[in-house]
Structures are given as structure tokens and as C-alpha cells.
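Residue numbers (the working numbering): 18 to 184. Structure first, commentary second.
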């Protein structure tokens with residue numbers, strides 16, 4: 018293998034360009050992202066955010082970004098953390114379902130505003146709503162969770178990480 022050849026590549030759908038797995042091609046950079054994620058997870062726990070709320074943020078951001086791989090990973094993580102299939106099934110329409118706590122709703126709105134950063138009015142509204150139910154440490158943690166999963170979404174989307182059928 019030459020220095021220019023990727024170590025691992027994605028499957029190539031018809032008409033698509035072969036892509037490298039950037040996490041495998043640049044492992045030091047990916048490891049730094051993983052370390053950031055671990056620090057963010059600890060920050061969220063220290064702020065009093067439970068794992069279910071963190072996984073809801075991961076999932077909602079991944080839905081907005083269309084990241085199949087992260088949706089797969091974080092759906093499993095949310096179920097392991099104790100969330101229900103019903104709540105996960107309606108997450109894309111969380112505003113219309115009375116299944117989420119005020120803190121979860123505030124975190125989801127803030128995560129959406131972080132992900133779709135171009136809408137300043139939505140950011141202001143989400144931030145104001147979050148201040149009503151979340152502490153400043155929790156607000157910071159939610160934003161960091163959203164920022165981090167956005168980065169992982171880009172890695173997986175650009176690498177075309179596959180989701181394989183489970184046996």
C-alpha cells in the first residue's frame with residue numbers, strides 16, 4: 018500500500034465516488050475527537066444531565082444531519098440507557114409528543130439551534146427556553162454534546178460509514 022492509498026474505504030454505491038474512512042486515514046485527529054467526546058460526556062454527567070437526555074440530543078442532531086451510522090449507534094445507546102422505542106420513534110416530532118420532559122424539550126431545542134446555526138432567532142428562543150429549566154452548566158454541556166455529535170456526523174457522512182443489518 019502506498020502512502021497515498023487509504024487504509025480503509027467505503028463501499029461504493031452505483032454512480033458514487035469511493036471515499037476513505039477519514040477516521041482510519043487520520044487516526045490521531047480522530048482520537049482527539051474521541052477524547053473530546055469523552056470530556057463532553059463527563060461534563061454532561063457533572064452538570065447533572067442523564068445519559069438518556071444526552072442520547073436524545075445525539076439522535077436528534079443525527080436526524081437533522083441525516084447520519085445513518087450515528088443514528089444506528091446512538092439508538093442502541095439510548096435503549097441501553099433506558100429510553101423506550103416509543104419515544105425514539107417519535108423523536109423527529111418531539112414538539113408534537115407529550116413524551117418528553119421540560120429539560121429534554123429544552124435540550125432538544127438547543128441542540129437543533131446549535132445544529133442549524135444560521136437561524137439567530139431560533140437560537141435566541143431556544144437559549145431563553147433552556148434558561149428556564151437548565152442550569153448554565155447544563156446549557157453548556159448540551160451545546161457541547163451537539164457540537165461533538167455534529168463533528169462525528171460529518172466524519173461518518175463524509176466517510177460513508179455503513180450500517181449493516183443486525184443478525
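In this text, a Cβ means the ideal position worked out from N, Cα and C, and glycines have one as well. Computed from a predicted model, the values in this text were never measured in an experiment.
For the set 142, 170, 59, the Cα lying nearest the Cα of residue 71 is the one of 59. The alpha carbon of residue 131 has as its nearest neighbour, out of 122, 143, 120, the alpha carbon of 143. The C-beta distance from residue 181 to residue 36 rounds to 17 Å, too long to fall under 8 Å, and the pair is not in contact. Membership of residue 48 in the alpha helix (DSSP H) is indicated by the continuous run 44 to 63. Within the region 115 to 145, the runs of alpha helix (DSSP H) that reach at least 4 residues and sit entirely inside it are, in chain order, 119 to 132. Check the Cα spacing between residue 105 and each of 77, 83, 126: the tightest is with 77. Residue 81 places its beta carbon 8 Å or farther from that of residue 121. Look at residue 88 here: in three-state DSSP terms it is helix. Residue range 102 to 106 is occupied by the alpha helix (DSSP H) that includes residue 106.
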